[in-house]
Amino acid sequence: MMKGYDIMYNHSDTPIAEDFQQLYEQGYRCIYYELHEKDQFFIAHLKNFENEDIRELKCSIEDGTNLKNYIDNLN
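Now the structure itself:
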């Protein structure tokens with residue numbers, strides 16, 4: 023069975039897709055994201071609520087836009 027991120031990235035091997043997939047499987051969920059148009063990057067803040075750990079994924083605006091669209095569809 024395909025998971026949501028598999029469908030979103032169509033089995034893409036981009037670094038952001040792989041990083042998100044690994045963190046998602048470890049229980050991390052997005053708590054906030056920001057788009058820095060001036061500096062041309064995107065940051066997703068992820069939290070694992072079981073161990074209270076927080077991670078950040080930083081990527082290009084293009085990859086971040088794809089990730090943002092997926093995150094928005096999760097809610």
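78 is the number that the numbering used here gives to position 56 of the sequence shown; each next residue is one higher, with no gaps. Here a beta-carbon is modelled for each residue, glycine too, at the ideal position from N, C-alpha and C.
Worksheet item: Mapping DSSP to helix, strand and coil, what is residue 61?
Response: Residue 61 carries a coil assignment under DSSP once its states are collapsed to helix, strand and coil.
Discussion item. According to DSSP, residue 55 sits in a beta bridge with which residue or residues?
Written reply: DSSP, once it has assigned bridges, lists 66 as partnering residue 55.
Practice prompt. Might you give, ordered along the chain, the residues of its own chain that have their beta carbon closer than 8 Å to the beta carbon of residue 44, omitting 5 neighbours on each side?
Written response: No residues qualify anywhere along the chain.
Worksheet item: residue 38 and residue 79 look like a contact to me (Cβ under 8 Å); what is the Cβ gap, rounded to whole Å?
Response: The pair is a contact, with the Cβ atoms about 6 Å apart (cut-off 8 Å).
Fill in: DSSP-derived helix/strand/coil call for residue 24
Because residue 24 sits at a pLDDT of 45, beneath the cut-off of 50, its placement in the model cannot be relied upon, and the point is left open.
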